[in-house]
Each structure stands twice: as structure tokens, then as C-alpha cells.
């Protein structure tokens, strides 16, 4: 009877370990998805800062000489005349004309939104990482227990067979 109970207990542990490993795989995929989103957010955050700095450096009184990117590292010199308004992409391909100050405020708001989203993703990553560590520790404990039970069964069956001779 004790053997059967040990075998059943071992089977339950194996099932639990398999379930935990499945959960760990799902968490790893989710973690990688968050890392990808985080990368996009960092790029948008950096781009927003560059836009903000560029906009702040433009003068409303005098012309500004600038390099205009054509693509793949090719630039031409250009003159930016004094500006009062700029075109701003507000999302979904919609571009609106805004006063420079309004555009600056819009960009500052986007930067804050990106900072918040990055912070939230970092929190989610930490939670997932903590859960994955819990799973790893639990799996290690179960595997250790199963090895002890296996060793105990082999020792018990070895002792039984040597006594019957």
C-alpha cells in the first residue's frame, strides 16, 4: 500500500512540475513580448526627446541652417525660416498644424505617457521574473523530492530482493 501511495504522490508531483513548466514557458513568451514593447517605447521616447530638442532650438525670429535627412545617412543643408506653426502627427496618420508652444506641450505630454508606460512594463517584467523564480524554486524542490523518493524505492526494492535470496 505504501508503494502505491508513493507512486501516486510521485505522479502528482510530476504533473505539477509539468504544469509549472508550461506556465513558465507562457510567462517567458509574455516576458519577451514585454521586452519587445519596451524596446519600441524606448525608441519612441528617444524620438520624442529629439523632436522636443529640435523644436526648442528653432527660432521664431531668425533663419536656422539645418541638415535635412534624405535617407540612409544622406543629408542636405536646408534653411528653416522663422516658424510660428509646425505640423504634428497626432496618431493614426492624422497631421494637424499647431503653434510651436502647443506642439511643445503635446510632445511633453507624449514623453510623460511614454515614461509611464515604460515604468508599467518594467513593473510587469519584475512580476513575471519573480513568478518565474518561484516556479524554478518549486520545480527544483519537487525534483529533489522525486529523486529522494526514487532513491528510497530503489534502496527498498534492492534490500527486499537481497533478503529473499
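In the working numbering, the protein residues as written are 687 to 851.
We put the beta carbon where it would ideally sit given N, CA and C, even for glycine.
(request) Within 10 angstroms of the Cβ of residue 789, are there 16 or more other Cβ atoms? Answer buried if so, exposed if not. (result) buried
(request) Work out the CA separation of residue 704 and residue 687 for me, nearest whole Å. (result) Low per-residue confidence applies at residue 687: pLDDT is 42, beneath 50, and the placement is therefore not dependable enough to give any value.
(message) Closer than 8 Å is the cut-off here; do at least three beta carbon pairs connect the region 714-726 with the region 802-814?
(response) yes
(message) In whole angstroms, give me the CA-to-CA distance for residue 825 and residue 707.
(response) Cα-Cα distance, rounded: 8 Å.
(message) Less than 7 Å between C-beta atoms, sequence neighbours within five positions excluded: which residues of the same chain meet that for residue 745?
(response) Short of 7 Å from the beta carbon of residue 745, and not among the five residues preceding or following it, lie these beta carbons of its own chain, in chain order: 768.
(message) With the cut-off set at 8 Å, would you say residue 754 and residue 761 are in Cβ contact?
(response) Yes.
(request) Locate the beta strand (DSSP E) running through residue 749, then write down its first and last residues. (result) For residue 749, there is no enclosing beta strand (DSSP E), since its DSSP letter is neither H nor E.
(request) Could you tell me which uninterrupted alpha helix (DSSP H) segments, each at least 4 residues in length, are contained entirely in the region 762-815, listed from first to last along the chain? (result) none
(message) Using the Cβ count rule (16 or more neighbours within 10 Å means buried), how would you classify residue 796?
(response) buried
(message) Taking its Cβ as the centre, do 16 or more other Cβ atoms sit within 10 Å of residue 834, making it buried, or is it exposed?
(response) exposed
(request) Closer than 7 Å by C-beta to residue 709: which residues in its own chain qualify, once you throw out the five before and the five after it? Chain order, please. (result) 821
(message) Beta-carbon within less than 6 Å of residue 699's beta-carbon, same chain only, minus the 5 sequence neighbours each way: which residues are those?
(response) 828, 832
(request) Determine the DSSP secondary structure at residue 830, reduced to helix, strand or coil. (result) It is helical.
(request) Have a look at the DSSP bridge pairing and note the partners of residue 760. (result) 757
(request) Counting only runs of 3+ residues fully inside the region 698-724, write out the beta strand (DSSP E) ranges in chain order. (result) none
(request) Under 6 Å Cβ to Cβ from residue 781, same chain only, skipping five residues before and after it: list those, please. (result) 773, 775
(message) Quick test of your reading: residue 800 and residue 731, contact by CB under 8 Å. State the CB separation rounded to the nearest angstrom.
(response) 4 Å
(message) I'd like the list of long-range same chain contacts for residue 807, defined as Cβ closer than 8 Å, with 5 residues on each side in sequence excluded.
(response) 720, 723, 724, 727
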